[in-house]
């Protein structure tokens, strides 16, 4: 793009001379302005832009759904985390302390950032390596695993499983299964 000096003409469309105005009527003029405000985050000053950063969660505020993240030696202010759903349908999967995350910061301003959890690391590797399997492993060892190829859902629970529908329930522990309902049909 060419820089335009003050007073330099770009283009114009001019109508005929108007004697009553003692002037030409100019009805279209085009020009370009380039405006700079403040210091560019991409400047030669060496200041690092923070548009995308990788860090570790150091504190979690569960009530306000936000975290503080350590990026290098810097500890951020409280930042919200991204979840899978946050409307009428909502999900809850809070990040863990020492979980590796990504911060997305508009204009490189970390105080405006949002956190996306979940980068595997040596301390917390991927729980699965098969493309046909989706799984979640919890700290206590409980595991939810679904094999899309053969349609097998496996739930391996350390404590107990409770399924409820209204007044009816099924409770499963290591010791046995309890069924509670007004009517139970066994075939």
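In our numbering, the protein residues as written are 1 to 187.
Cβ coordinates follow ideal geometry from the N, Cα and C atoms, glycine included.
One alpha carbon belongs to residue 126, the other to residue 169, and they sit about 34 Å apart. When rounded, the separation of the alpha-carbon atoms in residue 74 and residue 159 is 39 Å.
In the DSSP assignment, residue 56 is bridged to 70 and 100.
Between residue 63 and residue 103, the CB-CB gap reaches or exceeds 7 Å.
Nearest C-alpha to residue 68 among 113, 85 and 84: 113.
By the neighbour-count criterion, in which a residue is buried when 16 or more other Cβ atoms sit within 10 angstroms of its Cβ, residue 115 is buried. The C-beta of residue 19 has fewer than 16 other C-beta atoms within 10 Å across all chains shown, which makes the residue exposed. For residue 93, same chain residues with a beta-carbon under 7 Å away, outside a window of 5 residues either side, are 83 in chain order.
Inside the stretch 142-181, DSSP marks whole beta strand (DSSP E) runs of 3 or more residues at positions 143-147, 152-156, 161-165, 168-172 and 177-180, from first to last along the chain. Relative to residue 66, the option among 185, 121 and 117 whose CA is nearest is 117. Residue pairing from DSSP places residue 61 in a beta bridge opposite 66.
Cα atoms of residue 85 and residue 124: separation of roughly 24 Å, rounded to the nearest angstrom. For residue 61, the closest alpha carbon among the candidates 49, 147 and 77 is that of 77.
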